[in-house]
Amino acid sequence: MDELRLELADRRKALPAHSARPWQIQEIEELEDREKELLRELAE
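Just so we're aligned: the sequence shown equals residues 24 to 67 in the working numbering.
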């Protein structure tokens, strides 16, 4: 879980919002979805 958060943080830092490519944005959104899914599983 921590690894996923670190990966997300690294990708966000490396990706200025004004210059993000659609595929990069999609990649981050997929990671965020995975993080939410894992949090839901942990909450159960």
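All C-beta atoms in this analysis are idealised placements derived from N, C-alpha and C, irrespective of residue type, glycine included. This one's a predicted model, so the numbers in the text were calculated from it and none came from an experiment.
Handout entry: Simplified DSSP assignment, three categories, for Glu60
Key = Glu60 falls in the helix class under three-state DSSP.
Problem - alpha helix (DSSP H) segment containing Glu30, residue limits - result: Boundaries of the alpha helix (DSSP H) around Glu30: 25-36.
Exercise for the section: Work out the CA separation of Arg35 and Ala66 for me, nearest whole Å. Expected result: Here the alpha carbons of Arg35 and Ala66 stand approximately 25 Å from one another.
Problem - Distance CB(Leu31)-CB(Leu54) smaller than 7 Å - result: Result yes, Cβ atoms of Leu31 and Leu54 sit closer than 7 Å.
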